[in-house]
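Counted the way the working numbering counts, the sequence shown spans residues 361 to 684. The C-beta atom is built at its ideal place from N, Cα and C for all residues, glycine as well.
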Amino acid sequence: MATTAPPNITPVQVVELGWLPSQVHLRDLKEDWTGVTSTAERRKLQNRLNQRAHRRRRMKRGDPPAFDETHNLQTAKPNDVRYNSKYITVSQIYGHAMDLDHNCRCSKPCNSREYMQLFAQGAFASFVAGSPQPSHLPSLIQYNVHAALTRNADTLGLSQLWLHYEAVSPFSPAPPDATIPVATASVATADWPCALQPTRLQRGVEHHPWIDLFPHPRLRDNMLRAFEDPRGFCDEDELCHDLAHFSDAAKQPTLLVWGVPWDVRSWEASEPLLRKWGWLLEGCGEILDATNYWRGKRGERRLTRKEVEDAIAASRPKGWVVEE
Numbered sequence: 361m362a363t364t365a366p367p368n369i370t371p372v373q374v375v376e377l378g379w380l381p382s383q384v385h386l387r388d389l390k391e392d393w394t395g396v397t398s399t400a401e402r403r404k405l406q407n408r409l410n411q412r413a414h415r416r417r418r419m420k421r422g423d424p425p426a427f428d429e430t431h432n433l434q435t436a437k438p439n440d441v442r443y444n445s446k447y448i449t450v451s452q453i454y455g456h457a458m459d460l461d462h463n464c465r466c467s468k469p470c471n472s473r474e475y476m477q478l479f480a481q482g483a484f485a486s487f488v489a490g491s492p493q494p495s496h497l498p499s500l501i502q503y504n505v506h507a508a509l510t511r512n513a514d515t516l517g518l519s520q521l522w523l524h525y526e527a528v529s530p531f532s533p534a535p536p537d538a539t540i541p542v543a544t545a546s547v548a549t550a551d552w553p554c555a556l557q558p559t560r561l562q563r564g565v566e567h568h569p570w571i572d573l574f575p576h577p578r579l580r581d582n583m584l585r586a587f588e589d590p591r592g593f594c595d596e597d598e599l600c601h602d603l604a605h606f607s608d609a610a611k612q613p614t615l616l617v618w619g620v621p622w623d624v625r626s627w628e629a630s631e632p633l634l635r636k637w638g639w640l641l642e643g644c645g646e647i648l649d650a651t652n653y654w655r656g657k658r659g660e661r662r663l664t665r666k667e668v669e670d671a672i673a674a675s676r677p678k679g680w681v682v683e684e
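Printed below as a string of structure tokens:
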């Protein structure tokens, strides 16, 4: 027999529980900023979640992530002859490029991949024919950046998940969400070049593995501090785009590579990079010294210390504090 509640008792109402909009993109309850009393810590967590939400909205819309797609070269040790740039062939770099996940952080639309492949084939053919084309140089410079990052990933023994847009570095604290792809490092730490050895900050902060591929510990730490700063000084996607977008390197704020990719002396900072991102190179004297070395090799004027310091100061965001 059905019963009814006494007239003086209000029927129980069912309340549906769900995630707040601010909690949808959490990977760990420690990232929940609700209830955090520290303004700086709350902004830091909000900035991290906002960037994550921004990346996922771009993926949902089908927008291309920031990098062009590249391919892991065959694993080899740093002293392997295959790592000498004059032995690298087009087939080594693009042999399996079409097999990569199109949702990787390092990808752009497929026609960009095809352009890079056609460019590589054309440049190689003109070289073999004994008639290298000067017009190939700007694209070749940016091509070298992709090859360098790929070769450093291979040196660290990273799996191809380092290309995935949502991947987490194997040096980071493991994310509690099992659905987050974690790149794996299969090479022993002792085999890694000193310049690629992970720093304490890399081991303590969750980050994407593309950061691990630059052969200067201070540069990597500067990037991580900028990404983690609650004031949002640095958009990671924008920096990725600038450093590896396949375009005219003379106008692009990027790094250039002229030799062994795990040796910081092989890297050069372009003048547009110094003007826009110079503040990330604070404390990276080896890169700035190498920049002048390569400029001198080309017969270009070396940058004075004051010019470099002025460029760094002009690019520095207001409120950014240099870590000593």
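task = Would you kindly report the start and end of the unbroken alpha helix (DSSP H) that includes ALA550?
result = Here ALA550 belongs to no alpha helix (DSSP H), and DSSP marks it neither H nor E.
task = Could you tell me the distance, in whole angstroms, from the CA atom of LYS666 to the CA atom of ILE672?
result = The alpha-carbon atoms of LYS666 and ILE672 are separated by roughly 10 Å.
query = When DSSP labels each residue in this structure, what does HIS524 get in the three-state scheme?
reply = strand
inquiry  = Using the three-state DSSP reduction, which class does VAL668 fall into: helix, strand or coil?
reply    = helix
ask   = Going by the CB atoms, is the gap between LEU561 and ASP589 shorter than 9 Å?
value = No, these two residues do not count as a Cβ contact at 9 Å.
task = Between the Cα of GLY517 and those of TYR503, ASN504, GLN557, spot the shortest distance and give me the residue it belongs to.
result = For GLY517, the closest C-alpha among the options TYR503, ASN504, GLN557 is that of GLN557.
message = By the three-class DSSP mapping on this structure, what secondary structure does ASP518 have?
response = One point to set straight first is that residue 518 is Leu, not Asp, in the sequence displayed. If DSSP states are grouped into helix, strand and coil, LEU518 belongs with the strands.
request  = Grab the span of the alpha helix (DSSP H) containing TRP637 for me, first residue to last.
outcome  = 631-637
key: ALA673 - DSSP class collapsed to helix/strand/coil   = helix
task = Tell me whether THR430 sits in a helix, a strand or coil according to DSSP, three-state version.
result = Residue confidence for THR430 is low, a pLDDT of 34 falling below 50, so the modelled location carries little weight and cannot support an answer.
Start and end residues, alpha helix (DSSP H) containing LEU584 = 577-588
key: Whether ALA650 touches VAL505 by CB criterion (9 Å)   = no
inquiry  = In whole angstroms, give me the CA-to-CA distance for PHE587 and ASP595.
reply    = 7 Å
Cβ shell of PHE574 (< 7 Å), same chain only, five flanking positions each side left out = ARG580
ask   = Does DSSP classify VAL682 as helix, strand or coil?
value = coil
request  = Using three-state DSSP, classify VAL617 as helix, strand or coil.
outcome  = It is a strand residue.
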